[in-house]
Every structure is written in structure tokens, then in C-alpha cells.
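Chemist: So that we are looking at the same thing, I have put the structure below in C-alpha cells.
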Amino acid sequence: MTKRALPFDSGLAARMFLTMFLLAALYLGFAWVLFRAGAGASTMVVVIGIMLVAQYYFSDRLVLWSTGAREVSPGDAPDLHALVERLAALADMPKPRVAVVESPIPNAFATGRNQKNAVVAVTTGLLGRLETPEVEAVLAHEMAHIKNRDMTVMTIASFFATVASFIVQQAFYWGLPMGRGGYGNDDRRNGGGFMLVYLASLLVWLISYFLIRALSRYREYAADRGGAILIGAPSRLASALQKISGAMERIPQRDLRQAEGLNAFFIIPALQGESFMELFSTHPSLENRLEHLRRLEQAMEAK
Numbered sequence: 151m152t153k154r155a156l157p158f159d160s161g162l163a164a165r166m167f168l169t170m171f172l173l174a175a176l177y178l179g180f181a182w183v184l185f186r187a188g189a190g191a192s193t194m195v196v197v198i199g200i201m202l203v204a205q206y207y208f209s210d211r212l213v214l215w216s217t218g219a220r221e222v223s224p225g226d227a228p229d230l231h232a233l234v235e236r237l238a239a240l241a242d243m244p245k246p247r248v249a250v251v252e253s254p255i256p257n258a259f260a261t262g263r264n265q266k267n268a269v270v271a272v273t274t275g276l277l278g279r280l281e282t283p284e285v286e287a288v289l290a291h292e293m294a295h296i297k298n299r300d301m302t303v304m305t306i307a308s309f310f311a312t313v314a315s316f317i318v319q320q321a322f323y324w325g326l327p328m329g330r331g332g333y334g335n336d337d338r339r340n341g342g343g344f345m346l347v348y349l350a351s352l353l354v355w356l357i358s359y360f361l362i363r364a365l366s367r368y369r370e371y372a373a374d375r376g377g378a379i380l381i382g383a384p385s386r387l388a389s390a391l392q393k394i395s396g397a398m399e400r401i402p403q404r405d406l407r408q409a410e411g412l413n414a415f416f417i418i419p420a421l422q423g424e425s426f427m428e429l430f431s432t433h434p435s436l437e438n439r440l441e442h443l444r445r446l447e448q449a450m451e452a453k
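Following the numbering used here, the numbering of the sequence shown begins with 151 at its first residue and continues without gaps.
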């Protein structure tokens, strides 16, 4: 079986690098504000380190648990495992574990901290609506996510945004006394430190909200490109995306709302109507994705 290297996309890579650079600068500024507000450097390193390690090592289990995904063996789903094994061989990567989600929403996602600990999951709604070549195209998209280490990148990219969001929520709902005790004994300094941290957290959360969604959209384009090249047929992925999107419009709103929290992991976000076209979605619009796949197929046919 001929292995297929995923080609380098310089334009997409440049946009992702710029977004990651801006996030890094934002988070360094956030850490500086926390330090200036009185948080001890050693305490910050320990607390942030523990939280980051926990998120890095346990995020895949949390995703599987929250979606109700059930890992299946080759005996339980031989055809599904055969597709994943073939794609793994083509991409020259370890075969990920395979999981199935009992859900009418046609979708798929990948999770895991690295290639050796990855899981690719599909819903029963997807398996029931797509033809085998289209299922393979969707799996190829998810395999490209794993190959590109997208789960790790998005976990790290969103970590400080999660911390900032937590601080903002705590301060807003419960008036968290962040300026007391840990930030010094002077009341005026405590109050100033609290406001500084609160405002910095709010700003970090707002800016990172948009940057992370932009990064997510760029990585979806990269996974579309990588998956299409892996199977050698961009039109098959385009067909799968159209079917999934069309089926999503017939899913009850209640079911879609329950799945919205995991949109960043799905191949198509669990949204309907105008929400799907929102500028700050975790995914590009269907029209833009289809256009990119059409151009890729033209380029492949021209060779």
C-alpha cells in the first residue's frame, strides 16, 4: 500500500502561525498581569502546570465521557476498524482506537493527546446516512486532525482562555476575593489588584475567543485538505459534508443544543439555520469548504 504524505500548505500554515503567535503574546501578557497583581511566580507555575497537565492528559477521556462514546473492538465493528486501519497505513501513523456514539446527529470527531493515544469516533447517525466511501472520507478528515496534532494544539491554545473565563465567571457571580490574602495586605492594593486581574481576564477571554475560533477554522481547512488527499478524492469528502449538513437541518433543535458544546470537535457543527453561518464559528461555512475542496480536486486532476 502506497503511503501518502500530506502536502505542506504554506498559506494556511502562515495564518495558523500568526494566530498562535497572537495567542502566545496574549497569554504572556495575562501571566505578566497576574504576576504584577501579586500572584507569586512559583505558585503560578505550580497551579498552571498542574491544570495544564491535567487538561492535556485527561481531555480525551472527558470528551469520550461527555459524548457517551463507546470504544468498539474489531469484532464489534469490523468494517469500521478496517477503514481506520487502511487510512492509518496510508497516512503512516499508528491506528487510533475506534469509538461509536449512539446519536441521531450525523457526525464524527477525533480526540487524544498524540497519535499513539488518539481515538476517532463516529455517530450511529453518520453510519446510517452515508455510503461507505463517504464514511471513509469523513474518517480521513479525522485522521488528518490526528496527524496534524490538532487536539494537542487546540487544548494548549484554549487553556489560558479557560483560566481567564473561570476567573471572570467567579468574579461576576460570587465576587471572588482574589485580591485578599494572596495578593498582599494593603486593602487599596488588593482592590486594585482584583480589578486589574478581572479586567485582564475579561480582555484575554474576549480576544482569545475570536482567535481560537479562527485557529479552529484554519485547522478544519487543513484537515479537509489532508483527508481529501489521503483518499485521493476530494469530491467524496464534499459529498459527505453536504449530506451531513443536510441531515443536520432535520435534527430536532433540542438534540442540537445538547451537542453544541462539542462543536469544536465535530466535522460539522451541531447548528441550524443562520447560526451555522456565523462569522465566529469553530468551522468554516459549508460553501467555503466545498469551494476549497473543488479547487483542490481541480489541482489534483491537472497533475
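Beta carbons are placed, not taken as given, at the ideal position from N, Cα and C, and that holds for glycine.
1. Rank L352, G377, L436 and V347 by C-alpha distance to the C-alpha of V183 and give the top, closest one.
2. Can you say whether K453 is buried or exposed, counting buried as having 16 or more other CB atoms within 10 angstroms of its CB?
3. Enumerate in chain order the residues of its own chain whose CB-to-CB distance from A164 is below 7 Å, with the five nearest sequence positions on each side excluded.
4. Have a look at E281 and A219 and give me their C-alpha separation to the nearest angstrom.
5. Since I believe L289 is in contact with P384 (beta carbons under 8 Å), could you give me their beta-carbon distance rounded to a whole number of angstroms?
6. Can you tell which of V285, D226, I255 and T169 has its C-alpha closest to the C-alpha of R236?
7. At the level of alpha carbons, what is the spacing between S459 and S315?
8. In this structure, what does DSSP give as the bridge partners for V303?
9. Relative to the alpha-carbon of A260, which residue among A294, V354 and L353 has its alpha-carbon at the smallest distance?
10. Looking at the structure shown, is L178 part of a helix, part of a strand, or coil, going by DSSP?
11. Could you please give the first and the last residue of the uninterrupted beta strand (DSSP E) stretch that includes A268?
12. Less than 8 Å separating the beta-carbons of V248 and E221?
13. What's the C-alpha gap between G382 and A390?
14. Report the three-state DSSP secondary structure of T432 (helix, strand or coil).
15. Following the continuous alpha helix (DSSP H) through V250, name the residue where it begins and the one where it ends.
16. For P244, which residues from the same chain have a beta carbon less than 6 Å from its beta carbon, with the 5 sequence-adjacent residues on both sides left out?
Modeler: Put simply:
1. One-based indexing of the sequence shown puts residue 183 at position 33. With distances taken between Cα atoms, V183 lies closest to V347.
2. Reading the sequence shown from its first residue, position 303 is the one you call residue 453. Its Cβ having fewer than 16 others within 10 Å, K453 is exposed.
3. Within the sequence shown, the letter at position 14 stands for residue 164. Within the same chain, A164 has no close Cβ partners at all.
4. By one-based count along the sequence shown, residue 281 stands at place 131. By one-based count along the sequence shown, residue 219 stands at place 69. If you take the alpha carbons of E281 and A219, they lie about 21 Å apart.
5. Taking the first residue of the sequence shown as 1, we reach residue 384 at position 234. Taking the first residue of the sequence shown as 1, we reach residue 289 at position 139. Incorrect: roughly 15 Å between the Cβ atoms, too far for contact.
6. In the sequence shown, residue 236 corresponds to position 86, counting from 1. Looking at the Cα atoms, V285 is the closest of the given residues.
7. Because the chain in this structure spans residues 151 to 453, residue 459 falls outside the shown range and cannot be described.
8. Here the question's residue 303 lines up with position 153 in the sequence shown. Answer by DSSP bridge pairing: none, since V303 is not bridged.
9. In the sequence shown, the residue the question calls residue 260 occupies position 110. Per the Cα distances, A294.
10. Position 28 of the sequence shown holds residue 178. Residue state, collapsed to three classes: helix.
11. One-based indexing of the sequence shown puts residue 268 at position 118. Element bounds for A268: n/a, residue is neither H nor E.
12. The residue you call residue 248 lines up with position 98 of the sequence shown. The residue you call residue 221 lines up with position 71 of the sequence shown. Result yes, Cβ atoms of V248 and E221 sit closer than 8 Å.
13. Here residue 382 refers to the residue found at position 232 of the sequence shown. Here residue 390 refers to the residue found at position 240 of the sequence shown. Taking the straight line joining both Cα atoms gives about 15 Å.
14. Here residue 432 is taken as the residue at index 282 of the sequence shown, counted from 1. If DSSP states are grouped into helix, strand and coil, T432 belongs with coil.
15. As a first step, residue 250 is located in the sequence shown; it is residue number 100 there, counting from the start. Where V250 is concerned, there is no enclosing alpha helix (DSSP H), although the beta strand (DSSP E) it sits in stretches over R247 to V251.
16. To locate residue 244, count along the sequence shown from 1; it is residue 94. Closer than 6 Å at the Cβ level, and outside the excluded window around P244, lie Q265 and K266.
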